[in-house]
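Report on one structure; see the data block that follows.
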Amino acid sequence: MKQRSIQFSAMFVIFLLLGIGYAFAEPIHLDTGNMSANVTYSETGPFRPGDVVNITADFNKSVDNASILFTNVSGSDLGNETLMTKIDNDSFGFDYEIPEAILTDGPLGVNISPLDANGSNMLGEGEFFSDPDAFELDPETDSSVNITYSKTNVIPFEAVTITADFNTTVDHANISITNNTGSSLVNESMSPLDAEDNSFVYNYTIPLNIISGNLGVDINAYDGEGGLLLNGEPLANPNAFVFGVDDYLNISIGYNKTSPFRPGDIVNIIANFSQPIDHANISIGNGLPGVSNVNLVGADFVTNEPMDPIDDDTFAYDFEVPDDVSGPLDIGISGFDDLGNLLGEESFPGDFNVNPYITIISPDTEFAAKKCVAFNFTAYDMYDDYGSQLTYTFSLDGAQKSSGVITPGAYKKLEFELADGYHTWEISTRDSYGNTHTTGSRDLYVDTKCPSVILTSPQDCYKELIGATQFNFTCEDALAAQYSDLDLSYQLYIDGQLAENFSGYSLDEFSGSTNAGESIVKELELPDGAHNWSVYVEDGAGNSATSKVRDFYVSLDGLSVSLVSPDGGYVSSNPTFTFTVEGSNGYGVGLPFTYKLLVDGEEVDESCYQDEDLTCCTDEDCDCGDFVVGDGSYSITAAVKDGVNKKWTVVITDCTSGRTYQPDVKSFSVDSIAPACVANLNVEDALGQTFWQYVNDYPGLMVSWNASTDEDLADMPYEVYISTSKPSCIEDMQKVNTTGLETHTDGSETPNQKLENSSVTDLCIEAIDGKDLVYGKDYWVAVIARDNASNYNSKFSMCGPVRTYEDMTIALDDGWNLKSVPKELVSSKACTEDVFGNDSTVLYWDGSCWQFPETIEPCKGYWVYTEEPFVTNVQFRGMSSDSTKPSVPASLTLTPGWHMIGHTSSYYAPWSTSLASLNEFNTDNAENYRFSNLITYQGTEGWGGIIPGAFVENETGVLKYVGDITDSRPVGALDTDGQMVPGQGYWIFMKGEGTYASIENAYKPNIEDQSTSEDDFNPWDSYTWPDDFNLFDQNTWPEGFDPFNESTWV
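Read the sequence shown against the numbering used here and you will find it ends at 1236, with the numbers running on by one and no gaps.
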């Protein structure tokens, strides 16, 4: 310890001699319980970046080494752990330079760890002596500023805003603006921008002398006591504002005559400037620099020549077109102030169009792709004299081939058969004044042969497994091989596209020029997948060729394999295993692969099925496996024995890389035993909705069956199928949509065609594929039950043929009823007993006597007597669906006197409409009707009727009785509403003979939907019946129920 004390004393003496106030802080005692240390710092702080501090650590026991580590305010390390310098057995030192991190992440901390001879921490792993606030930041000098300008490239009189944002509180700030010589233009106070006095702003208008050079900005900041901040120095930016020469002037040019110009013409070029200038310069030549016209280089016709002033913003220059000019010329204009400062410049490339003496029409390039080459040209003389002629000479390969005269402006065409190879040609002219002109010797290459490409690598079926693919090829051409200065152009294609589409590089990277026979190597990183490549080559004459196309494969990232199904649950004995194979990075389409199916760890025989849009590998030249990666899944069907909790997976082998993939197994169970057939399947015509005023019916078949009792039924076990011909298997039938979302022909849904859950064992089939069933058509209906493995009994339950009919319910009161049917009935169910019951008495008056009818017919009315209320349902004959002859619409001949008739529509209708056939002229005049009285009867209403001519229609148009669907009032409907209703019989007195014709299918009123909802019970609407109710079976009627008393329906 004595030696260390002497060392520090010597250092202290040196600091005093140098005048350095270097005070040592008091030691900090750090103790962990089993060991302690005193840590001393040579400086007490606060600190700034760059300060150097000596740190010493005195331990209470001998230590072999010590390490030191520095941290920020959050405790994170600022760098690597470093060994300290050993002073003696228990003392160590370290000189530390304060880093910039103290400005933003301070205070900074110190962690010191004592180490034994093995380098192990004597305090334990992760333990250390810690001083987390060792170095505090000196706030007094921590001031900085951020300057922003609204614009820096400026022009005279433009307004700009200068904003200064300080990181500390500033009392006031001054701004100084100087010109390029350092002279002050502004020295003023800035305006505070916010309440915290951290931001200041100054608005400034750029002066005219910005043109002479850049403007500088200096900013000084002061605290409340007038002390300078920013370390006592102003923030200086000598080039804060720069003259925007491109924005100050707009320049346009014009000519005193119309181009194109000819050699010898004197053209006055006029330049117009948007601002006044002192003087202007002009340059004229070929290929002038496009950016600056101040220092033009090259053999130009005019270089920085002064223009003649017309006024302060218009200048002119007379230019004589020289004889040796050919083609358009470029013009450059520059404007300056009186000090020679550039105010603006503009280039006009190709704006000065000059016609040569000799104009070549063809050939327009150095190449010809045909042996027959046409040389087409025109010429004129210097003075363009009217009627003058020029003589010309045409030379080919150094020999004169043609000469003669040509009229100025006319065209001369010469054709020569030339061999493939290099040729030279020249045209010379002489005018009448002896002036001569020439095109000079020009080159011509005749090339009639196509180039070719030799593909070196990659070869067909190449497999890229490492990285970028190299493409090596050589372009060949006979003429280009003979003349080394001739180039061939090429383009590399990948998958039929330009190769640059697969890279972020430019077109030149994969397209360019090459010499014949030169080997070209291009490298390209391609995504995984099957690819092909080819090369397009073209010579100077435009002859082209495309190489053959080669296939190759890239598999860098490999494949991703996922199992889809089965995934738990039961399957049949021949289950389908579905899996997906994709590129792991989203690419990989076209990569071939093979697969194996493993069940319980053993490979099984299988057959593979793919969607039609998936590609099977068919390239016989490449070993490309079974299938290729595509958009879709793959399915394998295999025979598997019954069992529970079996495991399956697939082994996929990438044919390109040889890598194999085996996803985690999925489990499944196999059940090959089908459930029993459903019992007591019953299919019958579905009853329509009959109201006393009208009938609402869709064709439909009511299907019901007993619930299956198998224990392993699926969640939704039942499926219903239908066919219009007798099927041999379930596949011959069409599955019925039982979701309730099937639609009728008119687009309405079928809520009764629905199996809501597994307990529902009945439904009504109304439509298939958006089309209603057809009345009178034969149908076969089957119902199957599936188990959890989707098995079903092939000996399924089926009913058929069954038919659906348009029908109507007829209700009879006890006593006498006056009834009818609106349409022709099904012949097998048209007898009296089928229509009105076995215990009813039925009478019909034929106009002269009573009869006991055997068959019930439309147009006729009947007296029906029954001792008890009775409900029956009748079915109407539909259009024949086979070769049976269609029926004739119903009619009835009536003689003078009383007759019994019936209403012939399924809807209520005005009596005048229903009996329109008994109106002579179809008018409301009573004399035109062939009858005089129309009456009807109901037990609860008695008699009522109308007399044509005496009936007064309801002027309001509101039907008093017909509008009530629950209270049957056919008498009131006739004598009050003037309506005849279906199912009701009538007496009519004929004044003379007439024929009563049915109006069925000719009349339908606009009826609002008056049907009840499924929750409202209506015995006349079969759709609202509970499961244990049947209107035609009184044993199912609740106690006290009366179908004719609405109060008992609840």
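From the three backbone atoms N, C-alpha and C, an ideal C-beta is built for every residue, glycine too.
Environment of residue i [buried if 16+ CB atoms lie within 10 Å]
i: V723; result: buried
i: D797; result: Caution applies to D797, whose pLDDT of 43 falls short of 50 and renders its modelled position unreliable; the model cannot decide the point.
i: N1003; result: buried
i: G816; result: buried
i: S520; result: buried
i: E374; result: exposed
i: I470; result: buried
i: S1061; result: It is worth fixing the name first, because residue 1061 is Gln in this sequence and not Ser. Buried, because 16 or more other Cβ atoms sit within 10 Å of the Cβ of Q1061.
i: P424; result: exposed
i: W878; result: buried
i: D617; result: buried
i: Y597; result: exposed
i: E768; result: buried
i: A485; result: In this predicted model, A485 has a pLDDT of only 47, less than 50, meaning its place in the structure is not dependable; the value taken from the coordinates is given anyway. Exposed.
i: Y795; result: In this prediction, Y795 has a pLDDT of 45, which is less than 50 and means its spatial position is unreliable; what the coordinates show is noted afterwards. Per the 10 Å Cβ criterion, exposed.
i: G1180; result: buried
i: P508; result: exposed
i: V750; result: exposed
i: I452; result: exposed
Residue j beta carbon less than 8 Å from that of residue i
i: T1258; j: C1017; result: In the structure as shown, the chain begins at 187 and stops at 1236. Residue 1258 is therefore absent and cannot be evaluated.
i: V889; j: V1007; result: no
i: V1012; j: I951; result: no
i: F1038; j: L1029; result: yes
i: G1033; j: H1085; result: yes
i: R845; j: G744; result: yes
i: A560; j: S574; result: no
i: N454; j: D504; result: yes
i: T823; j: K649; result: no
i: S614; j: T655; result: no
i: A287; j: L294; result: yes
i: S741; j: P849; result: no
i: A865; j: G886; result: no
i: V249; j: M308; result: yes
i: A426; j: T338; result: yes
i: E1010; j: P1044; result: yes
i: S689; j: Y676; result: no
i: T835; j: V851; result: yes
i: G518; j: Y434; result: no
i: N729; j: C661; result: no
i: D217; j: V259; result: no
i: A727; j: Y820; result: no
Presumed contact (8 Å Cβ cut-off) between residue i and residue j, rounded CB distance
i: K833; j: V856; result: 12 Å between Cβ atoms; not a contact.
i: I592; j: F659; result: Rounded, the Cβ-Cβ distance is 49 Å, inconsistent with contact.
i: F280; j: I333; result: At roughly 40 Å, the Cβ-Cβ gap does not stay under 8 Å, so F280 and I333 are not in contact.
i: V331; j: L421; result: 5 Å
i: S758; j: N979; result: About 13 Å; that fails the 8 Å criterion.
i: Q1124; j: V1157; result: 5 Å
i: N366; j: S398; result: 6 Å
i: F1251; j: L998; result: A question about residue 1251 goes unanswered here, because the residues of the chain that appear run from 187 up to 1236.
i: L674; j: A666; result: 5 Å
i: L415; j: V346; result: With a Cβ gap of about 24 Å, L415 and V346 do not count as contacting.
i: S1026; j: T1052; result: 5 Å
i: E686; j: E695; result: 6 Å
Contact with chain C by residue i, beta-carbon distance below 8 Å
i: A407; result: The structure shown contains no chain C, having only a single protein chain.
Legend entry - Every unbroken beta strand (DSSP E) within the stretch 626-688, with a cutoff of 3 residues, ordered by chain: 628-632, 638-643, 648-650, 655-662 and 674-680
Legend entry - Segments assigned beta strand (DSSP E), at least 3 residues, entirely inside the stretch 860-917: 868-871, 887-890 and 899-909
Inset, instruction - Could you tell me whether the stretch 240-258 touches the stretch 267-278, where touching means 3 or more Cβ pairs closer than 8 Å? - result: yes
Inset, instruction - Taking only runs that begin and end inside the stretch 960-1025, name each unbroken alpha helix (DSSP H) of 4 or more residues, in chain order. - result: 1018-1022
Inset, instruction - Count the CB pairs spanning the stretch 636-655 and the stretch 580-597 that are closer than 8 Å, and state whether there are at least three. - result: no
Legend entry - the stretch 344-353 contacting the stretch 378-394, beta-carbon criterion three pairs below 8 Å: yes
Inset, instruction - Identify every run of the beta strand (DSSP E) within the stretch 332-362, keeping only runs that are complete inside it and at least 3 residues long; order them along the chain. - result: 345-352
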